[in-house]
Amino acid sequence: MVTKESIEVIAQSIGLSTLSPDVSAALAPDVEYRVREVMQVYHQLQLYFCPLISSLTCRRNLQEAIKCMRHARRTTLMAHDVDSALHFRNLEPTSGSKSMRFKRAPENRDLYFFDDKDVELKNVIEAPLPNAPPDASVFLHWLAIDGIQPSIPQNSPLQAISDLKRSEYKDDGLAARQVLSKDLQIYFDKVTEWALTQSGSTLFRQALASLEIDPGLHPLVPFFTSFIAEEIVKNMDNYPILLALMRLARSLLHNPHVHIEPYLHQLMPSIITCLIAKRLGRRSSDNHWDLRNFTASTVASTCKRFGHVYHNLLPRVTRSLLHTFLDPTKALPQHYGAIQGMVALGLNMVRFLVLPNLGPYLLLLLPEMGLEKQKEEAKRHGAWLVYGALMVAAGRCLYERLKTSETLLSPPTSSVWKTNGKLTSPRQSKRKASSDNLTHQPPLKKIAVGGIIQMSSTQMQMRGTTTVPQQSHTDADARHHNSPSTIAPKTSAAAGTDVDNYLFPLFEYFGESMLMFTPTHELSFFL
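Take the sequence shown: its letter number 298 is residue 298 in UniProt numbering, and every next letter is one higher.
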């Protein structure tokens with residue numbers, strides 16, 4: 001194991017260059033014997049103490065590797081963490097690294113050395129100093145904007161995890177990706193379950209209260225809007241579910257913390273459906289009239305809150321309600337919903353859309369209220385409810401006009417009478433005669449987007465009554481600064497004559513019922 005050449009090399013390394021060959025040959029067997037003795041003793045000691053020494057060494061190395069892992073802000077221990085721990089303890093890597101490459105000495109074939117590069121001290125001194133580490137500081141950046149993470153250097157890119165790529169399929173076969181947290185998913189499932197099965201429970205009322213104020217429900221907004229739109233179509237014959245869905249939509253629309261504007265295009269058609277649908281509920285005992293009233297207030301509050309964001313929201317809603325009201329083929333519940341919707345939108349809608357068409361509409365409504373021509377009690381009840389809604393709308397408009405009128409009342413400038421079962425007036429004839437000259441007049445202020453609504457001759461003789469009266473540019477500009485959200489403002493020319501135009505026809509339509517809408521100081525006019 002130990003040759004005489006090895007003895008000569010060792011002697012040269014310690015400065016003994018004059019060692020004779022006989023001495024080298026004599027020392028070699030003796031050194032070999034002693035090395036074998038040492039190795040035998042070490043082997044015996046290793047049998048007793050190696051497990052203990054190995055476990056302690058591994059434990060220390062593992063602790064150092066865990067420190068490296070935590071310093072890198074990771075939760076997974078990797079191989080280079082163990083290598084770094086061994087390097088810190090001045091130990092060579094035992095696994096996962098390449099073995100050191102030794103070079104053979106040119107003077108001796110049996111001598112190997114590690115090629116360690118020589119470094120000049122001058123180069124070390126003259127080397128530029130590394131940049132100083134920056135001071136610890138705090139920077140602000142957006143983690144998410146409206147639930148979407150912006151792609152900026154501070155935010156790590158989203159990695160495509162295989163678990164998130166797998167799609168879950170619903171019963172209808174459409175793929176849906178799970179993007180909600182577990183808590184939000186449970187919340188959504190519970191609220192939707194209570195809306196469909198326990199709409200009258202205390203839990204559902206508490207959930208509605210939470211939907212109105214909770215600021216952390218923005219990720220659920222697209223799911224709730226899709227749920228409401230789908231369930232309304234499926235449950236048009238289920239009154240309790242429709243009412244629960246409208247309450248759910250109202251709570252979402254009233255929450256000031258969620259960003260629901262991008263989903264109004266999906267939510268508003270469903271709400272309008274519950275307002276002007278022909279039939280809501282299956283049983284005749286279902287009080288769909290209250291559902292229409294509740295939906296009308298929801299539509300009005302939505303237009304009031306989001307009208308400045310979507311400028312075509314109010315015109316589109318108004319156009320839908322006006323088409324329903326002016327269509328004689330629609331059912332009375334649909335007319336009732338349209339009337340209540342326009343009343344909820346404001347008295348200007350009643351003044352410019354309902355009152356001009358009140359006379360012709362009553363000609364079709366009054367026969368439905370009598371027992372002689374209408375034998376069905378449910379339809380008579382609906383006709384009376386529509387009549388009451390028209391009376392309240394006209395009365396509120398009359399009361400507001402009388403309270404704000406600065407001129408004393410005068411007898412009506414246009415006589416109103418009944419001829420051939422049709423309500424006519426000289427003013428209507430004058431308007432019809434001058435319809436050919438409309439192109440030479442200033443632009444009309446239209447309620448609905450898309451121009452004047454064309455109606456056929458069979459639709460209640462209402463042509464020419466769907467637009468707002470003309471107004472001067474000066475008055476329009478002045479009112480534009482005062483109330484920019486008003487679609488049909490009152491004109492200065494009509495302010496002094498509107499009361500005379502529809503005050504006495506209203507008393508002729510509804511009789512003494514209008515007296516309860518007349519202010520006390522104005523009642524003396526009728527004495």
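Note that CB positions come from ideal geometry on N, CA and C, so glycine has one too.
Residues bridged to residue i [DSSP beta-bridge criterion]
{"i": "isoleucine 145", "result": "Ile148"}
{"i": "lysine 122", "result": "Looking at the DSSP assignment, lysine 122 forms no beta bridge with any residue, so it has no partner."}
{"i": "lysine 103", "result": "Phe113"}
Identity of the residue in the options nearest residue i by Cα
{"i": "serine 84", "options": "Ala105, Lys103, Leu62", "result": "Leu62"}
{"i": "histidine 254", "options": "Pro519, Ile213, Ile232, Pro240", "result": "Ile213"}
{"i": "arginine 247", "options": "Ser199, Gly337, Arg316", "result": "Ser199"}
{"i": "methionine 1", "options": "Ser24, Val31, Gly15", "result": "Val31"}
{"i": "arginine 319", "options": "Pro269, Thr298, Phe188, Asp290", "result": "Pro269"}
{"i": "tyrosine 509", "options": "Glu231, Gly388, Val309", "result": "Gly388"}
{"i": "phenylalanine 114", "options": "Lys122, Asn123, Lys103, Asn108", "result": "Lys103"}
{"i": "arginine 292", "options": "Cys303, Lys304, Arg279, Thr302", "result": "Arg279"}
{"i": "serine 297", "options": "Ser151, His259, Gln340", "result": "Gln340"}
{"i": "tyrosine 112", "options": "Arg59, Pro328, Val9, Asn312", "result": "Val9"}
{"i": "histidine 259", "options": "Asn235, His218, Leu275", "result": "His218"}
{"i": "serine 226", "options": "Asp237, Leu245, Tyr361", "result": "Leu245"}
{"i": "residue 561", "options": "Ile125, Ala127, Gln154", "result": "No information on residue 561 is available, as it lies outside the stretch 1 to 527 that the chain covers here."}
{"i": "threonine 192", "options": "Ala207, Ser181, Asp183", "result": "Ala207"}
{"i": "phenylalanine 507", "options": "Gly15, Asp290, Gly395", "result": "Gly395"}
{"i": "aspartate 146", "options": "Arg282, Leu252, Glu37, Glu261", "result": "Glu261"}
{"i": "threonine 295", "options": "Lys330, Ile7, Tyr239, Ala72", "result": "Tyr239"}
{"i": "glutamine 374", "options": "Lys67, Lys403, Leu332", "result": "Leu332"}
{"i": "leucine 402", "options": "Ala277, Trp194, Leu515", "result": "Leu515"}
{"i": "valine 386", "options": "Val350, Glu372, Gln334", "result": "Gln334"}
{"i": "leucine 250", "options": "Pro215, Gly281, Leu211", "result": "Per the sequence shown, the amino acid found at residue 250 is arginine instead of leucine. Minimum Cα distance to arginine 250 is reached at Leu211."}
{"i": "threonine 215", "options": "Pro256, Asp237, Lys234, Lys182", "result": "The sequence given here has proline at residue 215, not threonine. Of the candidates Pro256, Asp237, Lys234, Lys182, the one whose C-alpha sits nearest the C-alpha of proline 215 is Pro256."}
N-terminal and C-terminal residue of the beta strand (DSSP E) that residue i is part of
{"i": "phenylalanine 114", "result": "112-114"}
First through last residue of the alpha helix (DSSP H) which encompasses residue i
{"i": "asparagine 255", "result": "Asparagine 255 -> no alpha helix (DSSP H), and no H or E assigned at all."}
{"i": "glycine 511", "result": "Counting along the chain, glycine 511 falls outside any alpha helix (DSSP H), and DSSP gives it neither H nor E."}
{"i": "leucine 275", "result": "264-276"}
{"i": "glutamine 12", "result": "4-13"}
{"i": "phenylalanine 139", "result": "Per DSSP, phenylalanine 139 belongs to no alpha helix (DSSP H) and is neither H nor E."}
{"i": "alanine 132", "result": "Segment: none, alanine 132 is in no alpha helix (DSSP H) and carries neither H nor E."}
{"i": "glutamate 377", "result": "377-404"}
{"i": "threonine 298", "result": "288-306"}
{"i": "alanine 79", "result": "79-88"}
Exercise for review: Check whether the stretch 338-352 touches the stretch 365-380, counting contact only when three or more Cβ pairs, one atom from each stretch, lie closer than 8 Å.
Suggested key: no
Exercise for review: List in chain order: all unbroken alpha helix (DSSP H) runs of 4+ residues lying wholly within the stretch 308-357.
Suggested key: 313-326, 332-345
Practice item. Can you check the stretch 172-255 for any alpha helix (DSSP H) of at least 4 residues that lies completely inside it and give the ranges in chain order? Key: 182-197, 202-213, 221-234, 239-254
Exercise for review: Spell out a yes or no on whether the stretch 259-273 and the stretch 216-223 are touching, meaning 3 or more CB-CB pairs, one atom from each, closer than 8 Å.
Suggested key: yes
**Study point:** the stretch 299-314 touching the stretch 350-359, judged by at least three CB pairs closer than 8 Å
**Key:** no
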